[in-house]
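Everything below concerns the one structure shown next.
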Amino acid sequence: MDLTHFTIKKFNEGLKSGEFKALDVTQQFFKYIDERDDEIGSFLNLLKDEAARQAEEVDIKIAKGEEVGMMAGVPMAIKDNMLIDGSIATAGSKILENYRCAYDATVIKKLKSAGAVILGKTNLDEFAMGSSTENSAYKKTRNPADVTRVPGGSSGGSAAAVAAHMALGALGSDTGGSIRQPAAFCGVVGMKPTYGAVSRYGLIAMASSLDQIGPFAKSAADAAIIFKMIAGRDDNDATSVAMNYDDELLNPDLEKIKNLTVGVPSEYFVDGLELEVRRGVDEAIQKIKSLGLKIKNISLPHSKHALSCYYIIMPAEVSSNLARLDGIRYSPVTGVSRKDLSLLELYKKNKSFGFGPEAKRRIILGTYVLSSGYYDAYYTKAQKVRALIKNDFEQAFKEVDVILTPTTPTRAFKFGEKTNDPLAMYLSDILTIPVNLAGLPALSMPVLNEANKHKPTELPVGFQLIGRHFREADILGLGQFYERI
Amino acid sequence: MYVMAPITKKAIEHLANLSRLEFSNAEKDKFVADLGNILNYFQELEAVNTDNVLPMTGGTSSRNIFREDEFLGDSFKNKKNIIESFPEEDRGYNKVPPIF
Numbered sequence: 003m004d005l006t007h008f009t010i011k012k013f014n015e016g017l018k019s020g021e022f023k024a025l026d027v028t029q030q031f032f033k034y035i036d037e038r039d040d041e042i043g044s045f046l047n048l049l050k051d052e053a054a055r056q057a058e059e060v061d062i063k064i065a066k067g068e069e070v071g072m073m074a075g076v077p078m079a080i081k082d083n084m085l086i087d088g089s090i091a092t093a094g095s096k097i098l099e100n101y102r103c104a105y106d107a108t109v110i111k112k113l114k115s116a117g118a119v120i121l122g123k124t125n126l127d128e129f130a131m132g133s134s135t136e137n138s139a140y141k142k143t144r145n146p147a148d149v150t151r152v153p154g155g156s157s158g159g160s161a162a163a164v165a166a167h168m169a170l171g172a173l174g175s176d177t178g179g180s181i182r183q184p185a186a187f188c189g190v191v192g193m194k195p196t197y198g199a200v201s202r203y204g205l206i207a208m209a210s211s212l213d214q215i216g217p218f219a220k221s222a223a224d225a226a227i228i229f230k231m232i233a234g235r236d237d238n239d240a241t242s243v244a245m246n247y248d249d250e251l252l253n254p255d256l257e258k259i260k261n262l263t264v265g266v267p268s269e270y271f272v273d274g275l276e277l278e279v280r281r282g283v284d285e286a287i288q289k290i291k292s293l294g295l296k297i298k299n300i301s302l303p304h305s306k307h308a309l310s311c312y313y314i315i316m317p318a319e320v321s322s323n324l325a326r327l328d329g330i331r332y333s334p335v336t337g338v339s340r341k342d343l344s345l346l347e348l349y350k351k352n353k354s355f356g357f358g359p360e361a362k363r364r365i366i367l368g369t370y371v372l373s374s375g376y377y378d379a380y381y382t383k384a385q386k387v388r389a390l391i392k393n394d395f396e397q398a399f400k401e402v403d404v405i406l407t408p409t410t411p412t413r414a415f416k417f418g419e420k421t422n423d424p425l426a427m428y429l430s431d432i433l434t435i436p437v438n439l440a441g442l443p444a445l446s447m448p449v450l451n452e453a454n455k456h457k458p459t460e461l462p463v464g465f466q467l468i469g470r471h472f473r474e475a476d477i478l479g480l481g482q483f484y485e486r487i
Numbered sequence: 017m018y019v020m021a022p023i024t025k026k027a028i029e030h031l032a033n034l035s036r037l038e039f040s041n042a043e044k045d046k047f048v049a050d051l052g053n054i055l056n057y058f059q060e061l062e063a064v065n066t067d068n069v070l071p072m073t074g075g076t077s078s079r080n081i082f083r084e085d086e087f088l089g090d091s092f093k094n095k096k097n098i099i100e101s102f103p104e105e106d107r108g109y110n111k112v113p114p115i116f
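Residue numbers (the numbering used here), protein chains in the order written: chain A, 3 to 487; chain B, 17 to 116.
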């Protein structure tokens, strides 16, 4: 069975027509993972028994003639910062090495009700902090397009799983670009929904005002299917919003899409933009023009302040969210004995052994910007600048409907290239960060070459489509038409 | 706007204590260097005019959501997993060294 040609749509057709059984496909995926994942390193944990059970349930339903939805039997990979009842969730950290989840994240509950098959948990930068997955305490994940290069981060495992055809779709989380950047590096589709569109209940929190869960997929059409299924108001997440997403998400109207105006902000075409990225994005713009859409030059003047703004607000929230991790509440830390230690000493030992260097760096930075005497100078100032950045977008959306930018300044870099200089690593998110600050939805699409198929030897380039709040239909719609050209 | 003093080793030690972390001397030195660079980069925010701008307080400017303060019953069914992960357990409680 050729797993590489599957999309969710094609899989669903084959399943319903009886061409294959869900259990057979699931087993084929696991066999393929056995062959491929030693080299790629996407998965931290495989859930073979559960997955087989989930697939069998779907087959039984179909045999009985019962209705099954688009996600039934779809083999999915889940970033290891989302909770699945009864299985381990590490968040890529040693401090949660033995943490057995006590409940399902809401997105997991939704996937299970839809009959999706969860293959396993994927690798990530520790607590979603990083842009290369090199900060995982467990293993390296390699970019399937070039295994000497990083897959991006922090959702590198999920992006690589889809790119390497080891899953049909995946979930990641995005706080400053952690879905979009690895999607761009690996050559797959990745979307960060509007803040509030998808429940964060059961997502191990990084920065609560920025985090969102979103899909990785091989096409915008597939990403739309996954997104529609995981979106929705949840009483367990007070920041989630009851949005009525209807058919336009899955079946966009070409005439409506043609009437969208696309804005291209000059500030995003920075000096440091790699030539191949600039070329790729220009190609994408030309293709979109050929669809009949108007392209307009716009300005987002406060863009250059987004990095500072983000690296003040995010660590502040991180330092607060990670305080709960102490080697006592969720999981003991291997190698730390509590004998003869006071509580304070135990906290320090557990945290110092359990957290990696980047996590510690951000906790210290966050503690600093929130500390007495510095709070106004840093944190309050950053929140004001955030309001200005959000306002830039609001002004721009008065003239355009969708904003198009490169997703990343460069294509995937080599392992170790940016690990010595934290600031250099942070700069790889410079084009994705403003979107999280403003809470907007954004989609990264791989630039397709002339034959409409990504040449496997080339390093992928991604472009980003940013929409108004809750207008995922605009960006997914345009994405779906782009990929049909 | 005041100019920030460069970050010192003493400051790192204070922050480490606040966040319940401990560092070797080499780690402290690296922090002083790395954080110094990062905080230096932040100085560019001083040039942004934020007079009369209200700071954002969260992910959106949407209004707050409330519910009645009523007991919803013991809805959490899965205490077993939580209790089993306690390093030391006593009658369902997480046993820790004395706080004082």
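Here a beta-carbon is modelled for each residue, glycine too, at the ideal position from N, C-alpha and C.
Between residue 259 (chain A) and residue 9 (chain A), what straight-line distance do the alpha-carbon atoms span, to the nearest angstrom? 23 Å
Who are the neighbours of residue 211 (chain A) on chain B, taking C-beta pairs under 9 Å? 72, 73, 74, 75, 76
Of the residues A:264, A:19, A:109, A:101, which one's Cα is nearest the Cα of residue 477 (chain A)? A:264
Rounded to whole angstroms, what's the CA-CA distance from residue 268 (chain A) to residue 244 (chain A)? Just pull it up for me. 34 Å
Which first and last residues belong to the alpha helix (DSSP H) in which residue 184 (chain A) is found? 182 to 188
Do you know offhand how far residue 454 (chain A)'s Cα is from residue 290 (chain A)'s? A caution first: residue 454 (chain A) carries a pLDDT of 44, below 50, which makes its placement in the model unreliable, though a value can still be read off. Residue 454 (chain A) and residue 290 (chain A): Cα-Cα distance of roughly 14 Å.
For a contact defined as C-beta to C-beta under 8 Å, what are the partners of residue 365 (chain A) on chain B? 35, 37
Classify residue 31 (chain A) as buried or exposed, calling it buried when 16 or more other Cβ atoms lie within 10 Å of its own Cβ. buried
Between residue 94 (chain A) and residue 139 (chain A), is the Cβ-Cβ spacing less than 7 Å? yes
Indicate whether at least one CB of chain B lies closer than 7 Å to the CB of residue 330 (chain A). yes
Run down chain B in chain order and give the residues with a C-beta less than 8 Å from the C-beta of residue 103 (chain A). 97
Extract the residue ranges of the beta strand (DSSP E) inside the region 367 to 447 of chain A, only unbroken runs of 3 or more that lie entirely within it. 404 to 408
Taking the C-alpha atoms as reference points, what is the distance between residue 40 (chain B) and residue 26 (chain B)? 13 Å
Quick check: is the beta carbon of residue 295 (chain A) nearer than 7 Å to any beta carbon in chain B? no
Using a cut-off of 8 Å between C-beta atoms, extract the partners of residue 75 (chain A) located in chain B. Chain B residues near residue 75 (chain A): none, gap ~27 Å exceeds 8 Å.
Could you check what DSSP says for residue 164 (chain A) in three-state terms: helix, strand or coil? helix
Taking buried to mean at least 16 other C-beta atoms within 10 Å of its own C-beta, is residue 380 (chain A) buried or exposed? buried
Let me make sure I understand the geometry here. Which of A:184, A:34, A:19, A:125 has the alpha-carbon closest to that of residue 431 (chain A)? A:184
What number of angstroms, rounded off, separates the C-alpha of residue 270 (chain A) from the C-alpha of residue 342 (chain A)? 56 Å
Residue(s) in a DSSP beta bridge with residue 298 (chain A): A:265
Which residues in chain A have a C-beta closer than 7 Å to the C-beta of residue 50 (chain B)? List them in chain order. 363, 424
From what residue to what residue does the beta strand (DSSP E) around residue 176 (chain A) run? 171 to 176
Given a cut-off of 7 Å on the beta-carbon distance, is the pair residue 143 (chain A) and residue 135 (chain A) in contact? yes
Residue 354 (chain A) and residue 37 (chain B) look like a contact to me (Cβ under 8 Å); what is the Cβ gap, rounded to whole Å? 6 Å
Minimum C-alpha distance to residue 482 (chain A) - residue among A:226, A:211, A:205: A:226
Give the interface partners of residue 321 (chain A) over in chain B, defined as CB-CB distance under 7 Å, in chain order. 35
Residue environment, residue 32 (chain B), which counts as buried when at least 16 other CB atoms sit within 10 Å: buried
Could you round the C-beta distance between residue 443 (chain A) and residue 413 (chain A) to whole angstroms and report it? I think they count as a contact, below 8 Å. Actually they do not touch by this definition, with Cβ atoms about 24 Å apart.
Check this for me: beta carbons of residue 348 (chain A) and residue 113 (chain B), under 7 Å apart or not? yes
If you measure from the beta carbon of residue 441 (chain A) to each beta carbon in chain B, is any gap under 7 Å? yes
Starting from the C-beta of residue 365 (chain A), find all residues in its chain whose C-beta is less than 8 Å away, skip the five residues before and the five after it, and write them out in chain order. 317, 320, 321, 324, 357
Which chain B residues are close to residue 87 (chain A), counting only those with a beta carbon under 9 Å from its beta carbon? 94, 97
Is the Cβ-Cβ distance between residue 117 (chain A) and residue 190 (chain A) less than 7 Å? no
Tell me whether residue 306 (chain A), by its Cβ, gets closer than 6 Å to a heavy atom of the ligand FMN. Questions concerning the ligand FMN fall outside what the structure shown contains, since it holds no ligand whatsoever.
Helix, strand or coil for residue 119 (chain A)? Go by DSSP, reduced to three states. strand
Does residue 454 (chain A) get closer than 7 Å to chain B when you measure Cβ to Cβ? Reliability fails at residue 454 (chain A), whose pLDDT of 44 lies under 50, so the model's placement of it is uncertain and the value that follows must be treated cautiously. Residue 454 (chain A) does not count as touching chain B.
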